[in-house]
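Participant: Just so you know, we're using numbering that gives the first Met the number 0 here: the sequence shown kicks off at 0 and counts up by one.
Structure provided below as structure tokens; questions to follow.
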Amino acid sequence: MIMMRFMAILILLITSCSQRQPLGMKDHTFGRKGKHIVWLQVAGLEPEHFSLLKLKNDDAEEVTPVEKMNCFGSLWSYNLFELRPDAAKGFLSQILGSQKITGKCEDFDRRTVWSFFENAGYQVGVYEGPEVGKHSLNNFLSCKGDFRPLKNSFLWLQRPAKGEVQTFHYQENTGLDQPGVYYDKSCQQGACIIPLQTNVKEMWKAFIAKNAKTFFTARIFSIDKKIDKKRTSELVEDLTELEDLIEFFQKEAEKQSILLVVSSSGAKGFELPRAGYKWAQFLKKGRHVNYRKTRLQSPLYAFGEGAENFCGIYEEARVLERFIWMPEQKLFNLTF
Numbered sequence: 000m001i002m003m004r005f006m007a008i009l010i011l012l013i014t015s016c017s018q019r020q021p022l023g024m025k026d027h028t029f030g031r032k033g034k035h036i037v038w039l040q041v042a043g044l045e046p047e048h049f050s051l052l053k054l055k056n057d058d059a060e061e062v063t064p065v066e067k068m069n070c071f072g073s074l075w076s077y078n079l080f081e082l083r084p085d086a087a088k089g090f091l092s093q094i095l096g097s098q099k100i101t102g103k104c105e106d107f108d109r110r111t112v113w114s115f116f117e118n119a120g121y122q123v124g125v126y127e128g129p130e131v132g133k134h135s136l137n138n139f140l141s142c143k144g145d146f147r148p149l150k151n152s153f154l155w156l157q158r159p160a161k162g163e164v165q166t167f168h169y170q171e172n173t174g175l176d177q178p179g180v181y182y183d184k185s186c187q188q189g190a191c192i193i194p195l196q197t198n199v200k201e202m203w204k205a206f207i208a209k210n211a212k213t214f215f216t217a218r219i220f221s222i223d224k225k226i227d228k229k230r231t232s233e234l235v236e237d238l239t240e241l242e243d244l245i246e247f248f249q250k251e252a253e254k255q256s257i258l259l260v261v262s263s264s265g266a267k268g269f270e271l272p273r274a275g276y277k278w279a280q281f282l283k284k285g286r287h288v289n290y291r292k293t294r295l296q297s298p299l300y301a302f303g304e305g306a307e308n309f310c311g312i313y314e315e316a317r318v319l320e321r322f323i324w325m326p327e328q329k330l331f332n333l334t335f
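In structure tokens, the structure reads:
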């Protein structure tokens, strides 16, 4: 009898920690924190952009990677100083959990989301695509104060090295031993041989092979740039690569403990043509489309363990707390 009571209590404790229930008509385990966090920051991304891929698919009923996401969030894009700030400032708001964003060192008067995970035993790595440019987090590494960003983290920059600096190359398995800033060895005179999606996949695989718990962030600004320049065919290529990345991490999440978050900032919408000749001209040359101002809301998608935290409508500054919130315990868990 005592043994039966003990077993009943043990089962109750186990099931109370994590419960498997439907989320968005999909089976989902609640109350878990992924051992590997993947955060794709995609500047300018807007939900309708994925229609460029959906509408050209031969199989109209095929479920796309974005449609497979567990949770959808919508982020209010404003801070204390600006309505519709640019994507770089919006991402700073998400990283710092703050509305007091100027894009300067003074923003870092508080901890980043990554520092909470570092305290919990996660190794942090940030990968920046070539279009991030002047908005690189590398600009803030020299900031003085108690909360220095990425102090104990890896920062991989997909751009040519200048002078004597550390470099990374996934085929050589370099840039993974000691935290620091690394430049892409495959980039020469402004051109990078290895595509962003390949680098992100391979560096992530090598990163988690060396660390039991990781928080990997990829900052992608190419879509934002292609919209500004109205390069539609290149935009479709970038969206295809993004969708490929999302699908890759979703498949990895089926095999191991992963939370995938894809967030935008400075979402840029446009009104697509209806059909026929205008649609063909839009795809080829970006014609017959009405481009609109930056949206007041930007999308966020989440998949895997902990995805339930990201459903709903909230401010960009509330993204940080959703990474560390444990709904079953109704508290911000900084020890997980």
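No residue lacks a Cβ here, since even glycine has one placed at the ideal position from N, Cα and C.
How should D223 be labelled, buried or exposed, when 16 other C-beta atoms within 10 angstroms of its C-beta is the threshold for buried?
Facilitator: As a first step, residue 223 must be located in the sequence shown, where it is residue number 224. Buried is the call here.
Participant: Have a look at L319 and D183 and give me their C-alpha separation to the nearest angstrom.
Facilitator: As a working mapping, residue 319 is identified with position 320 in the sequence shown. As a working mapping, residue 183 is identified with position 184 in the sequence shown. Distance between the alpha carbons of L319 and D183: 29 Å.
Participant: Within the segment 107 to 167, note down every full alpha helix (DSSP H) run reaching 4 residues or more, in order along the chain.
Facilitator: 112 to 118
Participant: Report all residues from its chain with a CB closer than 6 Å to the CB of E304; omit the five preceding and five following residues, and keep chain order.
Facilitator: What you label residue 304 is simply residue 305 of the sequence shown in a count that begins at 1. The residues R31, G33, S256 and L258, in chain order, have a CB closer than 6 Å to that of E304 in the same chain once the five nearest residues on each side in sequence are set aside.
Participant: In whole angstroms, what separates the C-alpha of G43 from that of V235?
Facilitator: The residue you call residue 43 lines up with position 44 of the sequence shown. The residue you call residue 235 lines up with position 236 of the sequence shown. Each residue's Cα considered, the two are about 14 Å apart.
Participant: Counting along the chain, where does the beta strand (DSSP E) carrying A301 start and finish?
Facilitator: Along the sequence shown, read from residue 1 onward, the residue named residue 301 stands at position 302. Looking at the DSSP string, the run of the beta strand (DSSP E) that includes A301 is Q296 to G303.
Participant: According to the neighbour-count rule (16 or more other Cβ atoms, all chains shown, within 10 Å of its Cβ), is F194 buried or exposed?
Facilitator: Walking along the sequence shown from the start, residue 194 turns up at place 195. The question names Phe, yet the displayed sequence has Pro at residue 194. Taking every protein chain shown into account, the CB of P194 has fewer than 16 other CB atoms within 10 angstroms, so this residue is exposed.
Participant: In chain order, what residues of the same chain have a beta carbon less than 8 Å from the beta carbon of S135, not counting five sequence neighbours either side?
Facilitator: Working through the sequence shown from its first residue, we reach residue 135 at position 136. E127 and L156, listed in sequence order.
Participant: By DSSP, does K229 sit in helix, in strand, or in coil?
Facilitator: Taking the first residue of the sequence shown as position 1, residue 229 is located at position 230. Coil at K229, not helix or strand.
Participant: Contact check, N78 vs K88 under 8 Å by CB: the rounded distance?
Facilitator: Looking up residue 78 in the sequence shown gives position 79. Looking up residue 88 in the sequence shown gives position 89. Right, the Cβ-Cβ distance comes to about 7 Å (below 8 Å), so this counts as a contact.
Participant: Skipping 5 residues on each side, what residues in its chain have a beta carbon closer than 6 Å to that of F322?
Facilitator: Position 323 of the sequence shown, counted from the start, is the residue given in the question as residue 322. Correct list, in chain order: V112.
Participant: Would you say V180 and W38 are within 9 Å of each other, going by their C-beta atoms?
Facilitator: The residue given as residue 180 occupies position 181 in the sequence shown. The residue given as residue 38 occupies position 39 in the sequence shown. No; because the gap between Cβ atoms is not below 9 Å, this pair is not in contact.
Participant: Just to check my reading of the structure: T293 and A316 have Cβ atoms closer than 8 Å, yes? What is that Cβ distance to the nearest angstrom?
Facilitator: Start at 1 with the first residue of the sequence shown, and residue 293 comes out as number 294. Start at 1 with the first residue of the sequence shown, and residue 316 comes out as number 317. Their Cβ separation, rounded to whole angstroms, is 17 Å, which puts T293 and A316 out of contact at 8 Å.
Participant: For N137 and L154, I'd like the C-alpha separation in whole angstroms.
Facilitator: Counting from one through the sequence shown, the residue named residue 137 turns up at place 138. Counting from one through the sequence shown, the residue named residue 154 turns up at place 155. For N137 and L154, the distance between alpha carbons rounds to 8 Å.
Participant: If the criterion is Cβ atoms closer than 9 Å, does the pair S97 and R109 meet it?
Facilitator: One-based indexing of the sequence shown puts residue 97 at position 98. One-based indexing of the sequence shown puts residue 109 at position 110. In this structure, S97 places its C-beta atom within 9 Å of the C-beta atom of R109.
Participant: To which residues of the same chain is A7 closer than 6 Å at the C-beta, ignoring the five residues directly before and after it?
Facilitator: Here residue 7 corresponds to residue number 8 of the sequence shown, with the count starting at 1. Legend: pLDDT at A7 = 43, less than 50; position of this residue unreliable, no value from coordinates given.
Participant: Excluding the five sequence neighbours on either side, which residues of its own chain have a C-beta within less than 6 Å of the C-beta of H35, listed in chain order?
Facilitator: Indexing the sequence shown from 1 puts residue 35 at position 36. Cβ neighbours of H35 beyond the five flanking positions: I207, T213 and I257.
Participant: Rounded to whole angstroms, how far is the Cβ of N419 from the Cβ of F247, which I believe are closer than 8 Å?
Facilitator: Since the first residue of the chain shown is 0 and the last is 335, residue 419 is not available in this structure.
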